[in-house]
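Colleague: Those sequence lines, one after another, are chains A, B and C.
Numbering-wise (our numbering), the first sequence opens with residue 1 and increments by one.
Numbering-wise (our numbering), the second sequence opens with residue 1 and increments by one.
Numbering-wise (our numbering), the third sequence opens with residue 1 and increments by one.
C-beta atoms are modelled at their ideal positions from N, C-alpha and C, and glycine is treated no differently.
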Amino acid sequence: MSLAEFGIVFLRALMVFGLLLVATIVNIWAERKILADMQARIGPNRAGPFGILQTVADGLKLFFKESITPRKVELGMYMLAPFLAVIPAFLIFMMVPFGRPFTIGGNEVALVGADLNIGLLFVLAMSSMAVYAVVLAGWSSGSKYPLLGGVRATAQAISYEAAMGLAMVAVVVYSATQGDGGTLSLVEIVERQNGTWAGFIPRWNLFPQVAAFVIFLLAIIAETNRAPFDLVEAEQELVGGFHTEYSGMRFAMFFLAEYINIFSMSAIAATLFLGGWSGPTFEDSVPAFISAILPTVWFLLKTYAIVFIFFWLRATLPRLRYDQLMTLGWKGLIPAAVVWLIVSTISMGFRQFGAPWG
Amino acid sequence: MTFSDWIAEPVNWVFAAIGLAVLFSGFRVVTSKNVVHAALYLVGALAGTAGLFLLMSAEFVAWVLVLVYIGAVIVLFLFGIMITRAPTGLDESLSSDQTAMPALLSAAVFVVMTWASIDAFGTELLATVGEATSTQVIGESLLGRFVIPFEVVSFVLLAALIGGITIARRDLTPVEEEERMSV
Amino acid sequence: MLLNQFLVLGAALFAFGVYGLLVRRNVVLILLSVELMLNAVNINLIAFESYLVSAQAVGQVFAIFVITVAAAEVGIGLAIVLMIFRNRKSANVDDLSLMRW
């Protein structure tokens, strides 16, 4: 590996890291502002213009606070859990292409952390790792409420992961009909959504796979433990859930992980269903650097549209009861995903190979 | 092939590092005095195994292992452990006191298998290194030559699903039944 | 890489699994030992696959089958553990000496 290639790999990792950190700061601020607007409040407005520096101020405050370690904790796991929360959240985003590849000094730089052949499988694997942080935090705290939060998290994660995986399979099968053979690479899946139908409808997977999109959206909200599926940290029932016994920087890492996860999973949804970075670049009418940046802008817009749905649902819906959550997962989403997978696969088979009797 | 030849290859350093980690985790799975720690050491052993699969260019199986084993099976184990009460401290009653005979037996198993494999394969080298098996080949194989085993396995899963529900289901008392209906 | 380095590692893991299966008294830990043994089998399957290199990746396909069956086994196993725990308030196999209760 030459020095330039090494530099490009380093640059890509750095871009992913920077983008995620900035996006998280914006995310937290946006959530507070949007919730405030929906509840007819003002929200943060003191630190910086429109209170945008509020997150930075909160982060600094948490950084300097004492990290209290309760006496009954299981120390090793207790310290490890916050890191386990952050790492998978970052790794998921490594797979997401967030812009069109560009060229620096004869070297092509793909705007993606890493392009694996089995990218989607990696995303699923990492999103299933995220539950370990919650379980271990809950168990190692040596306290009742966190443990309950952890037990809830395991059941919830396993139930909704199945629906999420099935929705992804439907997209993979569909996108196999859009190009040469099947693919699990997110870069390839985005490229297959480039272009339009009939000149103005974008070729997003959303339109042919709308049911899969709804199932996927519900499943990622449950996977990231957000309202209305936030039983893991239900304040009114479990104090703070799994992070009750955490404070200072360790608590901040859980908080960070939650918002990175929201952004990463929204980015995956935008990539799978909304065409990722694909969109008009107006190459003839605008300067070259603007048309180079536009794909990233489209990607961020689509991702934030989905992030907005997260906040919107939080402001609108009350929390589900535990049995309702399980009923929705096992009797609602999973059968719906299976039926949708079968129906859409059969219809694609007809289109691809014609009727078996004809 | 001498040991110095073997260790000269960088890929074997990776193997040695992962292999030792896997062995240590595997050993702690069966000796740890804390149930949750045992499950977590199994996660370590499985993650190491996935690393070994990547070394042997079985990319797809490696990530399936992470997804299914680490992401679902061990999480289920943790769920089971926590529901059957998991103390954070040590628990001496997890293992039997009679360790001599099991140790002897497992040592015998190890010796026999090692002897057999060294006798049969000596210093044979792996053929594929570096070129990952494509997912397409595995998919075509699963739905082509192995389609009947594939269907049988799907039946096993279905049977396990139904069996799991039937076994774990608690019969409701008439009062509870009525409450359930009214909700 | 030698074929045998993987086979010996697999044999060692399998032996650990055998030891755990015989020594452990907690049902969940016995199941964990079984998982360890299945994992050792998977290492062997993948090692033989990259030694023999079949056109249809037979070894890898069988590793996938093993993983699937292991998942089914855990589902049933844990259901039984939960049931035992509910009836006996214990997950220790030594307490399960009765055939009925």
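Does the Cβ of residue 302 of chain A have 16 or more other Cβ atoms within 10 Å, making it buried, or fewer, making it exposed?
Modeller: Buried is the call here.
Colleague: Do residue 131 of chain A and residue 153 of chain A come within 7 Å of each other at the CB atom, strictly closer than that value?
Modeller: Taking 7 Å as the Cβ cut-off, residue 153 of chain A and residue 131 of chain A qualify as a contacting pair.
Colleague: By DSSP, does residue 84 of chain B sit in helix, in strand, or in coil?
Modeller: In this structure, residue 84 of chain B counts as coil in the three-state DSSP scheme.
Colleague: Measure from the C-beta of residue 56 of chain B to each C-beta in chain C and report whether the shortest distance is under 7 Å.
Modeller: Residue 56 of chain B counts as touching chain C.
Colleague: Residue 352 of chain A and residue 177 of chain A: beta carbons closer than 7 Å?
Modeller: Going by C-beta atoms, residue 352 of chain A is nearer than 7 Å to residue 177 of chain A.
Colleague: Report the three-state DSSP secondary structure of residue 26 of chain C (helix, strand or coil).
Modeller: Strand at residue 26 of chain C.
Colleague: According to DSSP, is residue 5 of chain A helix, strand or coil?
Modeller: Of the three classes helix, strand and coil, the one that applies to residue 5 of chain A here is helix, per DSSP.
Colleague: If we cut at 7 Å on Cβ distances, does residue 66 of chain C have a partner in chain B?
Modeller: Closer than 7 Å: no.
Colleague: So residue 254 of chain A and residue 277 of chain A are in contact, right, with Cβ under 8 Å, and what is the actual spacing, rounded?
Modeller: In fact, because the Cβ distance is near 30 Å, the residues do not count as touching under 8 Å.
Colleague: State the start and end residues of the unbroken alpha helix (DSSP H) segment that holds residue 121 of chain B.
Modeller: Run containing residue 121 of chain B: 100-121, per the alpha helix (DSSP H) assignment.
Colleague: With a threshold of 16 other CB atoms inside 10 Å of the CB of residue 33 of chain A, please say whether the residue is buried or exposed.
Modeller: Burial call: buried.
Colleague: Quick one, which of A:326, A:214 and A:267 has its alpha-carbon nearest residue 297 of chain A's?
Modeller: Ranking A:326, A:214 and A:267 by Cα distance to residue 297 of chain A puts A:267 first.
Colleague: Tell me whether residue 323 of chain A is buried or exposed, calling it buried when 16 or more other Cβ atoms sit within 10 Å of its Cβ.
Modeller: Its Cβ having fewer than 16 others within 10 Å, residue 323 of chain A is exposed.
Colleague: List, in chain order, every chain D residue whose beta-carbon is nearer than 8 Å to that of residue 4 of chain C.
Modeller: Among the protein chains in the structure shown, which are A, B and C, there is no chain D.
Colleague: State yes or no: is the beta carbon of residue 110 of chain C nearer than 7 Å to at least one beta carbon in chain B?
Modeller: Residue 110 of chain C is absent from the structure shown; chain C starts at 1 and stops at 101.
Colleague: What are the residues of the stretch 23-41 of chain B that lie near chain C, defined by any Cβ-Cβ distance shorter than 7 Å?
Modeller: Hits within the stretch, in order: 23, 26, 27, 29, 30, 35, 38 and 39.
Colleague: Could you compute how far the alpha carbon of residue 72 of chain A sits from the alpha carbon of residue 142 of chain A?
Modeller: One C-alpha to the other measures close to 6 Å.
Colleague: With 7 Å set as the bound, which would you pick, yes or no: does the beta-carbon of residue 48 of chain C sit closer than that to a beta-carbon of chain B?
Modeller: It does not: the Cβ of residue 48 of chain C has no partner Cβ on chain B nearer than 7 Å.
Colleague: If you compare alpha carbons, which of A:319, A:275 and A:308 is closest to residue 201 of chain A?
Modeller: The shortest Cα separation from residue 201 of chain A among A:319, A:275 and A:308 belongs to A:275.
Colleague: Round the Cβ separation of residue 100 of chain A and residue 227 of chain A to the nearest angstrom and send it over; I've been treating them as touching at under 8 Å.
Modeller: No, residue 100 of chain A and residue 227 of chain A are not in contact; Cβ-Cβ is about 35 Å, not under 8 Å.
Colleague: Can you give me the Cβ contacts of residue 133 of chain A inside the same chain, cut-off strictly under 6 Å, excluding the 5 residues immediately before and after it?
Modeller: Answer for residue 133 of chain A: 81, 84 and 85, listed in chain order.
Colleague: Taking the alpha-carbon positions, what's the residue 58 of chain B to residue 83 of chain C distance?
Modeller: Straight-line Cα distance between these residues: approximately 38 Å.
Colleague: Am I right that residue 19 of chain C and residue 103 of chain B are in contact with their C-beta atoms under 8 Å? What's the rounded C-beta distance?
Modeller: About 6 Å; that satisfies the 8 Å criterion.
Colleague: Under a Cβ-count criterion, where at least 16 other Cβ atoms within 10 Å of its own Cβ denotes burial, should residue 168 of chain A be classed as buried or exposed?
Modeller: So residue 168 of chain A counts as buried.
Colleague: Could one say the Cβ of residue 101 of chain B lies closer than 7 Å to chain A's Cβ atoms, at least one of them?
Modeller: No - not a single Cβ of chain A is within 7 Å of the one on residue 101 of chain B.
Colleague: Hey, how far is the Cα of residue 341 of chain A from the Cα of residue 164 of chain A?
Modeller: If you take the alpha carbons of residue 341 of chain A and residue 164 of chain A, they lie about 12 Å apart.
Colleague: Can you name, in chain order, every residue of its own chain whose Cβ lies under 6 Å from the Cβ of residue 116 of chain A, other than the five neighbours on each side?
Modeller: For residue 116 of chain A, where only same-chain residues beyond five positions count, the Cβ hits under 6 Å are 122.
Colleague: What are the residues that DSSP puts in a beta bridge with residue 109 of chain A?
Modeller: According to DSSP, which records beta bridges pairwise, residue 109 of chain A is partnered with A:102.
Colleague: Mind the definition here: the stretch 130-148 of chain B touches the stretch 34-42 of chain C only if three or more C-beta pairs lie below 8 Å; say whether that holds.
Modeller: Flag = no, the stretch 130-148 of chain B and the stretch 34-42 of chain C do not touch.
Colleague: Relative to the C-alpha of residue 94 of chain C, which residue among C:9, C:22, C:62 and C:41 is closest?
Modeller: For residue 94 of chain C, the nearest C-alpha among the options comes from C:22.
Colleague: Measure the beta-carbon distance from residue 79 of chain B to residue 155 of chain A and round it to whole angstroms, keeping in mind my assumption that it falls under 8 Å.
Modeller: Contact flag correct, Cβ pair sits at about 6 Å.
Colleague: In chain order, what are the residue ranges of uninterrupted alpha helix (DSSP H) at least 4 long that sit wholly in the stretch 309-347 of chain A?
Modeller: If we require 4 residues or more, the alpha helix (DSSP H) runs fully inside the stretch 309-347 of chain A come out as 322-326.
Colleague: Measuring only from the beta carbon, is residue 65 of chain B closer than 6 Å to any heavy atom that is part of the ligand MN?
Modeller: Ligands in the displayed structure: none, and consequently the ligand MN is not present.
Colleague: Residues bridged to residue 95 of chain B by DSSP?
Modeller: Paired residues: C:24.
Colleague: According to DSSP, is residue 208 of chain A part of a helix, a strand, or is it coil?
Modeller: In this structure, residue 208 of chain A counts as coil in the three-state DSSP scheme.
Colleague: In its own chain, which residues sit with a C-beta less than 6 Å from the C-beta of residue 138 of chain A, not counting the 5 before and 5 after it?
Modeller: The answer, listed in chain order, is 146, 147, 149, 150 and 242.
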